[in-house]
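Residue numbers (full-length UniProt numbering): 1 to 258.
Virtual Cβ for every residue (Gly too), placed ideally from N, Cα, C.
Down below is the structure, laid out as structure tokens.
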């Protein structure tokens, strides 16, 4: 890990973009401070996670937001059998009409159909409708492919990490996954594992994802090599079969077994 620079950069376009959370702006600053002489930041999500005391899922969401708004660019380069991520900070995204300048207290907002005379509130029914529609839209926007994969992996670390790698891999190919795309990936993994008839279902899914990333494929396909299926673990004692459970009667003194 490179030593962070003494200075960090926070362009006005990032500073006044109200689509960004404060933490996302600070993360952008850290990325610029960690960038080397070529303008690349090689820090991984685990580093940022420890630095800001948040989980990696949150870091992935912050980085995804910065990338979506054009403030950073992510590239991947092959290093042996793995891919190394490079974050390239920018700060001057293409204009989409979104205001990013500091608010001017002397400029009054234009009157709208909802405005009405001073002191008059919007009709309650209209306000309720607009607020509900806004909240529903915001909930859809805040959900991400990472959320889909987190629910799908259900706490299985290896599978979740590989799905996160696949998400970043697709981002690096400029073919990011949508929420619907992430759902299709989950269904495809289930279908392939079922078709293979393996015991180690999660291990097979991880292998399928790794195969696609190593071969630079966009989709998911059955393994081209023989998968070493892992059998269920059977716990035994002294090399023999596990002892049968001991039956204890209700009136029996259990202290003799300690």
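Check: In whole angstroms, what separates the C-alpha of residue 39 from that of residue 73?; Outcome: 11 Å
Check: Report back the beta-carbon spacing between residue 75 and residue 88 to the nearest angstrom; my notes put them in contact at under 8 Å.; Outcome: 7 Å
Check: Rounded to whole angstroms, how far is the Cβ of residue 170 from the Cβ of residue 177, which I believe are closer than 8 Å?; Outcome: 5 Å
Check: I need the DSSP call for residue 29, collapsed to helix, strand or coil.; Outcome: helix
Check: Using C-beta distances below 6 Å, list every residue in its chain close to residue 152, excluding the 5 sequence neighbours before and after it, in chain order.; Outcome: 186
Check: Out of 19, 150, 10, 145, which one is the CA nearest neighbour of residue 180?; Outcome: 145
Check: Is residue 17 buried or exposed, if buried means 16 or more other CB atoms sit within 10 Å of its CB?; Outcome: buried
Check: For residue 10 versus residue 29, is the C-beta distance shorter than 8 Å?; Outcome: yes
Check: By the 10 Å Cβ neighbour count, where 16 or more other Cβ atoms means buried, how is residue 71 classified, buried or exposed?; Outcome: buried
Check: First and last residue of the beta strand (DSSP E) that includes residue 72?; Outcome: 72–79
Check: In or out: residue 62 buried (at least 16 other Cβ within 10 Å) or exposed?; Outcome: buried
Check: Give the single residue among 53, 195, 158, 200 whose Cα lies nearest to the Cα of residue 228.; Outcome: 200
Check: For residue 175, which residues from the same chain have a beta carbon less than 8 Å from its beta carbon, with the 5 sequence-adjacent residues on both sides left out?; Outcome: 218
Check: My understanding is that residue 85 touches residue 15, with C-beta atoms under 8 Å, so please give their C-beta distance in whole angstroms.; Outcome: That pair is no contact at about 25 Å.
Check: Ends of the alpha helix (DSSP H) at residue 145?; Outcome: 145–153
Check: How far does the alpha helix (DSSP H) with residue 184 in it extend, from its first residue to its last?; Outcome: 179–196
Check: Cβ atoms of residue 33 and residue 12: under 8 Å apart, would you say?; Outcome: no
Check: State the beta-bridge partners of residue 82 as determined by DSSP.; Outcome: 79
Check: Helix or strand or just coil, what does DSSP make of residue 88?; Outcome: strand
Check: Quick one: using the 10 Å Cβ neighbour count with 16 as the cut-off for buried, is residue 182 buried or exposed?; Outcome: buried
Check: Would you decide whether residue 225 is buried or exposed? Buried here means 16 or more other CB atoms lie within 10 Å of its CB.; Outcome: exposed
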